[in-house]
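Comments concern the structure below.
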Amino acid sequence: MFRCIECGGEAAELAGDCRCVGCRDLQEWILPAEGANPAALRERWQARRAAPAGDDDRSGVWRFRELLPPCADVVSLSEGNTPLYDLPRMASRLGIARLLAKHQGMNPTGSFKDTGMTVAVSQARAAGFTWLACASTGNTSASMAAYAARAGLRSLVLVPRGQIACGKLAQAIDYGALTCQMDTDFDGCVRALAEVVTRVPLYLVNSVNPFRIEGQKTAAVEMIDQMGWRAPDHVVVPGGNLGNSSAIGKGLVELHARGLIDRLPKLSVVQAEGANPLARWLRGGRQGDLESVVAKTAATAIQIGNPASWKKAARVLDATGGACVEVSESEIERAKAEIGGEGIGCEPASAAALAGARKLIASGFIGREEAAVLLLTGHVLKDPEYTLQRREGELLDVAGADAIVRAMETNHGPRF
Ligand code: F0G
Numbered sequence: 020m021f022r023c024i025e026c027g028g029e030a031a032e033l034a035g036d037c038r039c040v041g042c043r044d045l046q047e048w049i050l051p052a053e054g055a056n057p058a059a060l061r062e063r064w065q066a067r068r069a070a071p072a073g074d075d076d077r078s079g080v081w082r083f084r085e086l087l088p089p090c091a092d093v094v095s096l097s098e099g100n101t102p103l104y105d106l107p108r109m110a111s112r113l114g115i116a117r118l119l120a121k122h123q124g125m126n127p128t129g130s131f132k133d134t135g136m137t138v139a140v141s142q143a144r145a146a147g148f149t150w151l152a153c154a155s156t157g158n159t160s161a162s163m164a165a166y167a168a169r170a171g172l173r174s175l176v177l178v179p180r181g182q183i184a185c186g187k188l189a190q191a192i193d194y195g196a197l198t199c200q201m202d203t204d205f206d207g208c209v210r211a212l213a214e215v216v217t218r219v220p221l222y223l224v225n226s227v228n229p230f231r232i233e234g235q236k237t238a239a240v241e242m243i244d245q246m247g248w249r250a251p252d253h254v255v256v257p258g259g260n261l262g263n264s265s266a267i268g269k270g271l272v273e274l275h276a277r278g279l280i281d282r283l284p285k286l287s288v289v290q291a292e293g294a295n296p297l298a299r300w301l302r303g304g305r306q307g308d309l310e311s312v313v314a315k316t317a318a319t320a321i322q323i324g325n326p327a328s329w330k331k332a333a334r335v336l337d338a339t340g341g342a343c344v345e346v347s348e349s350e351i352e353r354a355k356a357e358i359g360g361e362g363i364g365c366e367p368a369s370a371a372a373l374a375g376a377r378k379l380i381a382s383g384f385i386g387r388e389e390a391a392v393l394l395l396t397g398h399v400l401k402d403p404e405y406t407l408q409r410r411e412g413e414l415l416d417v418a419g420a421d422a423i424v425r426a427m428e429t430n431h432g433p434r435f
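The end of the sequence shown is residue 435 by the numbering used here, with every number in the run present.
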């Protein structure tokens, strides 16, 4: 069952635009109240880890199917089961007790989108759709294209020309999506798609689709599972269209309500300064509706000026006591190099999480004795141009052994 987040109107099925038929606001899937006791659930989820390869039970999403909308016929690419890295050096540099990174870029198409896409595409196929569609800053389109191909369905991608990283664009084409670029921004692509949806039967898989949110919330469940069911004090997530922060927050709130964790971590959202509509709305005292901005950031994944899920995100900030911070382009650049320097790597939008955590530590919002988990949302190989454009000087031209040895003697490691 779906419930509108604004008017509370309930619906058994999703409309084509995924919005409430009464007030046009977003809906969310309601997790039924009954459920197994926490110990029994944890045991069942643990047992599923040992399922044979290819079994849906082994998916890091479907392993937690008790928290998901029921689905008989799953479209899966073995998503989830992503690493949670401990970062002790970085924690001591930042001056907190513990810092971890949940790397959702280690999903099959290299971003967190896969965890939501497996749920949405499974539902689309069950409902008999032949076309899936999204507007995207790149990762949603790569993920949709892959899951559509896996399901034997067609997919339509709308992306802003010149504003998405080339790895992502190549993926959409490789997986066989009908890939269209437009001379507009992400928000313009969303508007164009809204019109297309009224003309032809398309299944919309942007994060306004509540099934996406349900799948993405399992990253929170998996993270807590990996921490032995001891919740961290903070979870820090980069925000663009604000679907993922809404999803992680929903997951945490549900775990807490079901007694699977005994305290609720604070969920904080990090926006780029040039794409900061939520931060502005909060700073401005939450007056009226969020005002869109013309977004500009080199972290193209989060270059979004009119985030669809802002109300959901604001609610999870309130429910968990989290904060919203903005970070500059140079702070993102530095954080990206630091994560690279840990041997982990991520795309620029993900690095915003570290840049934001640093600010939250400096302001005292994250305490010195606390533990924080960063959500790294995309793989380092998604956007290699970002690094090459900024760190070209670190690429040395050498003619032979003499120069190589000299370089080794004078080089003191990466800049950060
Ligand atoms: N990080 C990455 C790598 C992303 O691709 C996105 C969003 C976000 C963070 C922000 O997540 O939108 O749920 O707040 N990418 C979308 C896309 C918009 O089309 O791929 P969000």
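Glycine is no exception: its CB is placed at the ideal position from the N, C-alpha and C atoms.
Inspect the beta-carbon positions of residue i and residue j and report whether they are closer than 8 Å.
| i | j | result |
| --- | --- | --- |
| residue 125 | residue 102 | yes |
| residue 94 | residue 169 | yes |
| residue 317 | residue 261 | no |
| residue 433 | residue 277 | no |
| residue 327 | residue 33 | no |
| residue 237 | residue 406 | no |
| residue 154 | residue 263 | no |
| residue 26 | residue 37 | no |
| residue 206 | residue 182 | no |
| residue 163 | residue 177 | no |
| residue 145 | residue 388 | no |
| residue 175 | residue 196 | yes |
| residue 200 | residue 231 | no |
Under 8 Å by Cβ, that's how I've got residue i and residue j pegged, so tell me the actual separation to the nearest angstrom.
| i | j | result |
| --- | --- | --- |
| residue 335 | residue 286 | 5 Å |
| residue 358 | residue 370 | 6 Å |
| residue 219 | residue 274 | Not quite, the Cβ-Cβ distance comes to about 39 Å (not below 8 Å), so this is no contact. |
| residue 324 | residue 156 | Wrong, their Cβ atoms sit about 11 Å apart, outside the cutoff. |
| residue 291 | residue 346 | 6 Å |
| residue 403 | residue 186 | 7 Å |
| residue 340 | residue 288 | With 8 Å as the limit, residue 340 and residue 288 do not qualify as a contact, their Cβ atoms being about 13 Å apart. |
| residue 166 | residue 96 | 7 Å |
| residue 235 | residue 131 | 6 Å |
| residue 365 | residue 399 | 6 Å |
| residue 446 | residue 361 | Residue 446 cannot be examined here, being either before or after the span of the chain that is shown, 20 to 435. |
Assuming residue i is part of the alpha helix (DSSP H), what are its boundary residues?
| i | result |
| --- | --- |
| residue 139 | 132–145 |
| residue 65 | 57–67 |
| residue 429 | 420–429 |
| residue 97 | Where residue 97 is concerned, there is no enclosing alpha helix (DSSP H), given that its DSSP letter is neither H nor E. |
| residue 396 | Note, residue 396: premise wrong, no alpha helix (DSSP H); not H, not E. |
| residue 230 | 229–245 |
| residue 188 | 185–193 |
| residue 408 | 403–409 |
| residue 335 | 329–339 |
| residue 48 | Segment 46–48 is the beta strand (DSSP E) holding residue 48; no alpha helix (DSSP H) there. |
Using the Cα positions of residue i and residue j, report the straight-line distance between them to the nearest angstrom.
| i | j | result |
| --- | --- | --- |
| residue 228 | residue 139 | 7 Å |
| residue 223 | residue 141 | 13 Å |
| residue 184 | residue 319 | 7 Å |
| residue 378 | residue 395 | 17 Å |
| residue 50 | residue 202 | 40 Å |
| residue 47 | residue 30 | 10 Å |
| residue 192 | residue 172 | 14 Å |
| residue 69 | residue 86 | 19 Å |
| residue 161 | residue 420 | 42 Å |
| residue 350 | residue 376 | 11 Å |
| residue 28 | residue 41 | 7 Å |
| residue 386 | residue 189 | 42 Å |
| residue 212 | residue 418 | 53 Å |
| residue 397 | residue 99 | 13 Å |
| residue 284 | residue 272 | 9 Å |
| residue 122 | residue 104 | 8 Å |
| residue 293 | residue 374 | 14 Å |
| residue 149 | residue 252 | 43 Å |
| residue 24 | residue 265 | 12 Å |
| residue 120 | residue 76 | 24 Å |
| residue 307 | residue 299 | 12 Å |
| residue 426 | residue 411 | 16 Å |
| residue 295 | residue 198 | 28 Å |
Quick check: is the beta carbon of residue i nearer than 8 Å to any beta carbon in chain B?
| i | result |
| --- | --- |
| residue 363 | Considering every chain present, this structure includes no chain B. It has just one protein chain. |
Which residues bound the beta strand (DSSP E) around residue i?
| i | result |
| --- | --- |
| residue 105 | 103–105 |
| residue 174 | 173–179 |
| residue 255 | 253–257 |
| residue 208 | Careful: residue 208 lies outside any beta strand (DSSP E), inside the alpha helix (DSSP H) at 205–218. |
| residue 201 | 197–201 |
| residue 22 | 21–23 |
| residue 345 | 343–346 |
| residue 120 | 117–122 |
| residue 154 | 150–154 |
| residue 81 | Careful: residue 81 lies outside any beta strand (DSSP E) and carries neither H nor E. |
| residue 287 | 285–291 |
The ligand NAP and residue i: does the residue's C-beta get closer than 7 Å to at least one heavy atom of that ligand?
| i | result |
| --- | --- |
| residue 257 | By its list of ligands, the structure shown excludes the ligand NAP, since it contains just the ligand F0G. |
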